[in-house]
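Engineer: Position in the sequence shown counted from 1, then plus 1, gives you the working numbering. Just so you know, even glycine gets a beta-carbon here, dropped at the ideal spot from N, CA and C. Fair warning: this is a prediction, and the values are worked out from it, not measured in the lab.
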Amino acid sequence: MKFLCLRCDEVMRFEERQLPGDGTMGVVFSCPVCRREVAMLTNPMETQLVSSLGVQIGGRSVPTQPLELTRGNLQEGRGDAFRDDDPVPAGAGLRVEWSGDAQQRLGQVPSFVRGMVKRIYADYAREHGITTITPAVMDRARSDLGLEGM
Ligand SMILES: [Zn+2]
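#1: Just to confirm, are V28 and R18 a CB contact at a threshold of 8 Å?
#2: For Q109, which three-state DSSP category applies?
#3: At a cut-off of 7 Å, would you count V29 as near ligand 1, judging by its Cβ distance to the nearest heavy atom?
#4: Return the chain-ordered list of same chain residues with a C-beta closer than 6 Å to the C-beta of L20, the five sequence neighbours on each side being excluded.
#5: Using beta-carbon positions only, say whether V114 and L50 come within less than 8 Å of one another.
#6: Going by beta carbon distance, what residues of the same chain come within less than 7 Å of C9, once the five residues before and after it are set aside?
#7: Could you have a look at V29 and say whether DSSP puts it in helix, strand or coil?
#8: Give me the DSSP bridge partner(s) of F15.
#9: Do V39 and ligand 1 come close, with the Cβ less than 7 Å from some heavy atom?
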């Protein structure tokens, strides 16, 4: 992952990383030419995404977190994003269906994160007793979970 200073067309340099311990991450990059600074802030979900993709930031990997499981799934290159035969979390016997337009919207998610995104929505639906995921449910999950950027 790199940041480019558009004004100078320079790769921005890593300056500082903060891991406050609550799952969020803040990383500062600066342009070596014009000194403009950019900060990348990630919420816990995004921090795990970065971590699960093995992205190196500031020369070190983000500490490994429980989403390694998802990474394994990604490496298998599952093309069955719309099937829902993943192991169901204990206590949640609910089977979640995807409406046609929700499937279509999920299809717009880049394939390398689709499995994870799908799981986030499915878990959200199960936790809320929702049996059919529609675009409206996806919108609600995104705002509830602070995933507007995803
Ligand atoms: Zn610059």
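Structural biologist: Put simply:
#1: Closer than 8 Å, so yes.
#2: Q109: coil per DSSP, three-state reduction.
#3: No heavy atom of ligand 1 is found nearer than 7 Å to the CB of V29.
#4: Counting only residues of its own chain and dropping the five nearest sequence neighbours on each side, L20 has a CB closer than 6 Å to the CB of M26.
#5: Against a cut-off of 8 Å, the Cβ pair of L50 and V114 comes out as a contact.
#6: Correct list, in chain order: C32, V34 and C35.
#7: For V29, the three-state secondary structure derived from DSSP is strand.
#8: By DSSP's assignment, F15 forms a beta bridge with F30.
#9: V39 has its CB no nearer than 7 Å to any heavy atom of ligand 1.
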